[in-house]
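Residue numbers (our numbering): 82 to 174. Quick reminder that beta carbons are idealized off the backbone N, C-alpha and C, glycines included. A short worksheet on the structure shown next.
So this is what it looks like as structure tokens:
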């Protein structure tokens, strides 16, 4: 079962929001997998929260271009200091 197939099943079961974590990018600071996120968001057509790979505020700008992306989860980028919460929030507004 693919991530998209599982997400569609969850939507049919009543799920109203998806957190999509690209585990290959999680904690790697390589930027989010924009292509996979766009595919997921288009497939489920409900709000998607992006997780994995966030490095900089510029990633937020790219995520904002994808319909249905509602937010993001950032961990290592904040811990390592590659961005700040203030920068992420500014890019999101």
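Here DSSP, grouped into helix, strand and coil, assigns residue 129 to strand. With respect to residue 104, residue 131 sits apart: the two C-beta atoms are not nearer than 8 Å. The alpha helix (DSSP H) runs of length 4 or more contained entirely in the region 122-168 are, from start to end of the chain, 138-145 and 157-161. For residue 99, the enclosing beta strand (DSSP E) starts and ends at 99-102. Residue 122 sits buried, since 16 or more C-beta atoms from the chains shown fall within 10 Å of its C-beta. In this structure, the alpha-carbon of residue 115 lies about 22 Å from that of residue 162. Residues 147 of the same chain have their beta carbon placed closer than 7 Å to that of residue 119, with the five preceding and five following residues left out of the count.
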